[in-house]
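A.B. asks: Top to bottom, those sequences are chains A and B.
If you read the first sequence in the working numbering, its first letter stands for residue 13, the second for the next number, and so on.
If you read the second sequence in the working numbering, its first letter stands for residue 13, the second for the next number, and so on.
Just so you know, even glycine gets a beta-carbon here, dropped at the ideal spot from N, CA and C.
For reference, the structure I am asking about is given below.
Number of protein chains: 2
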Amino acid sequence: MTNKGSLIVISGPAGSGKGTVVRLLLQDESYKVSISTTSRQPRADDIPGVTYNFVSSEEFLEMITKGELAEFAEYVGNFYGTPIKSVEELLKSGKNVILEIETQGALQIKSRFPEAILIWLSPPDYETLEARLRGRGTNTDEDINRRLTAAKREMQFIPYYDYIVVNEKGLANEAAEKIREIVNVDKMSTSLNKGFLKSFYNNK
Amino acid sequence: MTNKGSLIVISGPAGSGKGTVVRLLLQDESYKVSISTTSRQPRADDIPGVTYNFVSSEEFLEMITKGELAEFAEYVGNFYGTPIKSVEELLKSGKNVILEIETQGALQIKSRFPEAILIWLSPPDYETLEARLRGRGTNTDEDINRRLTAAKREMQFIPYYDYIVVNEKGLANEAAEKIREIVNVDKMSTSLNKGFLKSFYNNK
């Protein structure tokens, strides 16, 4: 079976628990996140090369025009993107590469890497989503409503995702395990194992 | 997530160990095989309704012309087929339905049930395949060569299968577990969970 790493896109509404699930996946050494590149200014808690790779707006625009980005988006005046090269290098080394990005970036990835696995991480129900957003405590009602509206707007893109993983309350470990299963099963796909078939049936 | 049963087609060359793997899957009560219907005469070790459902050639032809079969094939003068009704009833009751059939029947199933999961069970390599066929002891060299040629001919259909599961020597349990994982992961497919999405995002 194939030894190549899988490219895994994980999206979901704010409050879906993406951060926790990704951290759990990273406990397994075969999983790595691809570090995003951004043109925004580093903040006090940023670690260059760990939280983000920081470049100037000019450098970012040059990366776009040179076709070096697998996906990118602009958010309140700053650019964020995923360099193709770093994804490809991780995949070649056999790592499963996680991209935690929003819906439009996910579709850009699917277009550039058709073998990418798009996973929508979902809270079990709308009430849990709302409770999780309120639970953070740092958000105003306006913030929460804006995020709930955004979650509903993102829904139009879910049919383009391959899988829906429900992150049940207190069971982020199970959600991470489901994602590991998806990745293991994906490696048994016929389309990824043409080499195995060829060596088996053609050379006799 | 969806509670509907999955339709699982398992094919593979003679000597791939299909029989053993299917028996292991059936130890789990959520898995059932669909009993084939045939026009051949019952043999001494046949149990009607268990090994096959037996009908006359006329009855079989009537089932064909009434569109009651999901797939059928003729083999040395006898018909073998899978009734649509029995598959649908098992699926509706939440069972995962296993069909152990050959390649052309598998494609007929995919055409009638696009959500069917087509799994190609493969020996780890060509040498193991040959050794397994010889190991049965009851086959002449001519038989073995005929089966090896058939295995190579069937290869043209493998690209239409969804997954390749390798049945390593002495590890049929692992192959069965891989198939269970494939079925579990399939139930997280976005296309099978439109109901979940609708209840989540639309009714608010």
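Give me the chain B residues within the contact set of Thr202/A, using Cβ-Cβ distance strictly less than 9 angstroms, ordered along the chain.
C.D. replies: Ordered by position in chain B, the residues that pass the 9 angstroms Cβ test against Thr202/A are Leu130, Trp132, Ile170, Pro171, Tyr172, Tyr173, Asp174, Tyr175, Ile176.
A.B. asks: For Tyr43/A and chain B, any beta-carbon pair shorter than 8 angstroms?
C.D. replies: Output row for Tyr43/A: interface = no.
A.B. asks: Flag this pair as yes or no: are the beta carbons of Ala184/A and Val21/A separated by less than 8 angstroms?
C.D. replies: no
A.B. asks: So who's on the other strand from Val21/A, going by DSSP bridges?
C.D. replies: Leu111/A, Leu130/A
A.B. asks: Counting only Cβ pairs nearer than 9 angstroms, list the residues of chain A close to Lys107/B.
C.D. replies: Those do not exist, as Lys107/B stays about 20 angstroms from chain A at its closest Cβ, beyond 9 angstroms.
A.B. asks: Determine the chain A residues that contact Asp137/B at a beta-carbon separation under 7 angstroms, and present them in chain order.
C.D. replies: Phe212
A.B. asks: If you run the structure through DSSP and keep just helix, strand and coil, what is Val45/B?
C.D. replies: strand
A.B. asks: Could you work out which residue in Leu160/A, Glu83/A, Tyr173/A is closest to Ile96/A when comparing CA atoms only?
C.D. replies: Glu83/A
A.B. asks: Does the beta-carbon distance from Tyr92/B to Thr50/B come in below 8 angstroms?
C.D. replies: In contact: Tyr92/B and Thr50/B (Cβ atoms closer than 8 angstroms).
A.B. asks: Give the secondary structure of Tyr173/B by DSSP, where H, G and I count as helix, E and B as strand, and everything else as coil.
C.D. replies: coil
A.B. asks: Would Leu102/A and Gly17/A be called neighbours here (beta carbons separated by less than 8 angstroms)?
C.D. replies: Cβ distance < 8 angstroms, so Leu102/A and Gly17/A count as in contact.
A.B. asks: If you draw a straight line from the C-alpha of Thr152/A to the C-alpha of Glu180/A, how long is it?
C.D. replies: 25 angstroms
A.B. asks: For Phe84/B, name the three-state secondary structure that DSSP assigns.
C.D. replies: strand
A.B. asks: Taking 8 angstroms as the CB-CB cut-off, is Asn205/A touching chain E?
C.D. replies: The chain inventory of the structure shown lacks chain E, comprising the protein chains A and B.
A.B. asks: Would Ser123/B pass as a contact of Val178/B if the rule is Cβ separation under 8 angstroms?
C.D. replies: No, the pair does not count as a contact, with Cβ atoms beyond the cut-off.
A.B. asks: Quick one: is Leu141/A buried, meaning 16 or more other Cβ sit within 10 Å of its Cβ, or exposed?
C.D. replies: Using a 10 angstroms sphere on the CB of Leu141/A, the tally of other CB atoms reaches 16 or more, which defines it as buried.
A.B. asks: Kindly indicate if chain A contains any beta-carbon less than 8 angstroms away from that of Val33/B.
C.D. replies: no
A.B. asks: Do you know offhand how far Ala188/A's Cα is from Glu186/B's?
C.D. replies: 22 angstroms
A.B. asks: Alpha carbon to alpha carbon, how far is Asp198/A from Tyr173/B?
C.D. replies: Counting only the Cα atoms, Tyr173/B lies some 13 angstroms from Asp198/A.
A.B. asks: How would you label Ile87/B, buried or exposed, when you count the other beta carbons within 10 angstroms and need 16 or more for buried?
C.D. replies: For the record, residue 87/B in the displayed sequence is Tyr; it is not Ile. With fewer than 16 other Cβ atoms within 10 Å, it is exposed.
A.B. asks: Can you list the residues of chain A that Glu193/B reaches, using a CB-CB cut of under 8 angstroms?
C.D. replies: Glu193, Asn196, Val197
A.B. asks: With 8 angstroms as the threshold, decide whether the Cβ of Phe125/B is near any Cβ in chain A.
C.D. replies: no
A.B. asks: Spell out whether any CB of chain A is found under 8 angstroms from the CB atom of Lys190/B.
C.D. replies: yes
A.B. asks: For Lys78/A, does the count of other Cβ atoms within 10 angstroms reach 16, so buried, or fall short, so exposed?
C.D. replies: An exposed status is given to Lys78/A, since fewer than 16 other beta-carbon atoms sit within 10 Å of its beta-carbon.
A.B. asks: Within 8 angstroms of any Cβ in chain A, is that where the Cβ of Val209/B sits?
C.D. replies: Position check: residue 209/B holds Leu in this sequence, whereas Val was assumed. Yes, its Cβ sits closer than 8 angstroms to a Cβ of chain A.
A.B. asks: Can you check whether the CB of Ile194/B is closer than 8 angstroms to the CB of Ile131/B?
C.D. replies: yes
A.B. asks: Using the beta-carbon count (16 or more within 10 Å), is Leu73/B buried or exposed?
C.D. replies: Its Cβ having fewer than 16 others within 10 Å, Leu73/B is exposed.
A.B. asks: So, do the segment 155 to 171 of chain B and the segment 200 to 211 of chain A have three or more beta carbon pairs nearer to each other than 8 angstroms?
C.D. replies: yes
A.B. asks: Determine the closest residue to Glu166/A out of Leu19/A, Ser23/A, Glu100/A, with distance taken between C-alpha atoms.
C.D. replies: Ser23/A
A.B. asks: Mind listing which residues of the segment 64 to 86 of chain A have their C-beta closer than 8 angstroms to chain B's C-betas, in chain order?
C.D. replies: none
A.B. asks: Considering only the beta carbon of each residue, do Asn108/B and Arg52/B sit closer than 8 angstroms?
C.D. replies: no
A.B. asks: Only counting the same chain, and skipping five residues up and downstream in sequence, which positions put a Cβ closer than 7 angstroms to that of Ile76/A?
C.D. replies: Taken in chain order, the residues that qualify are Phe84.
A.B. asks: By the DSSP assignment, the beta strand (DSSP E) with Tyr64/A in it spans what residues?
C.D. replies: Premise fails: Tyr64/A is in no beta strand (DSSP E) and is neither H nor E.
A.B. asks: When the Cα of Glu160/A is compared with those of Tyr138/A, Ile110/A, Ile176/A, which residue comes out closest?
C.D. replies: Looking at the sequence itself, residue 160/A is Leu, so the reference to Glu does not match. When each option's Cα is compared against that of Leu160/A, the closest is Tyr138/A.
A.B. asks: Indicate whether Ala163/B and Pro25/B have their beta-carbon atoms separated by less than 8 angstroms.
C.D. replies: yes
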